[in-house]
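Undergrad: Residue 1159 is where the sequence shown starts when you use this note's numbering, and the numbers rise one by one after that. I'd like to ask you about the structure that follows.
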Amino acid sequence: LKRALRHPDSLVRIFAADAIAAIDPVNAKSSLLVLLGDDDSHVRSCVIDMLSDLNLASPDVIAAYIAALDDQDDVMSSDVRRCAIQALGKLGVKASRAVPRLRVIATKDKHTWASALALGLGGRLPLSHLDSARQTNQLI
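Take a look at the structure:
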């Protein structure tokens, strides 16, 4: 399975990562984190979902989610960013170090979906200071 993580077909890499996470969730983190550097944004978004499903809240996973908020892929960066915002929200207060970056997304992101999603995390992350942004943000 580890060899399949380097397969030229992105779907093979995704299925291999999913199998690794299912077979050995305790040790899957390192393999999954490597795939967050994959050239294919679909692989990156699927891997974020896999890590999120494992409920991992270690500093390196949270840092990877925060880095994914700046994904710049021309085709699918919005999916990678959406997955990262949702993964951070799922972690709740464990991901509080992401609040400054989410604040920027909530108030200044050019994509209305990203602002709306980040603002919607208020119940799971300590984003209460964003209430005024929610009221003044015309995107919502």
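Here a beta-carbon is modelled for each residue, glycine too, at the ideal position from N, C-alpha and C.
Which residue's Cα is closest to the Cα of Asp-1198: Ala-1253, Arg-1259 and Leu-1163?
TA: When only C-alpha atoms are compared, the closest one is Leu-1163.
Undergrad: Note down, in chain order, each residue of its chain lying with its Cβ closer than 8 Å to the Cβ of Leu-1193, except the 5 sequence neighbours on either side.
TA: If we look at Leu-1193 and ignore the five residues flanking it on each side, its Cβ neighbours are Leu-1163, Arg-1171, Ala-1175, Val-1201, Arg-1202 and Val-1205.
Undergrad: For Ala-1215 versus Leu-1249, is the C-beta distance shorter than 7 Å?
TA: Cβ atoms of Ala-1215 and Leu-1249: closer than 7 Å.
Undergrad: Once DSSP output is grouped into helix, strand and coil, what is the label at Pro-1258?
TA: Residue state, collapsed to three classes: helix.
Undergrad: As a quick exercise: from Phe-1173, Asp-1167, Leu-1212 and Leu-1159, pick the residue whose alpha carbon is nearest that of Val-1184.
TA: Among Phe-1173, Asp-1167, Leu-1212 and Leu-1159, the Cα nearest to that of Val-1184 belongs to Leu-1212.
Undergrad: Would you kindly work out how many angstroms separate the C-alpha atoms of Thr-1319 and Ser-1236, rounded to a whole number?
TA: Any answer about residue 1319 is impossible in this case: the structure gives the chain only from 1159 up to 1298.
Undergrad: Go ahead and pull the three-state DSSP assignment for Val-1201.
TA: Reduced to three states, the DSSP call for Val-1201 is helix.
Undergrad: Let me make sure I understand the geometry here. Which of Lys-1268, Ser-1254 and Leu-1159 has the alpha-carbon closest to that of Ala-1186?
TA: It is Leu-1159.
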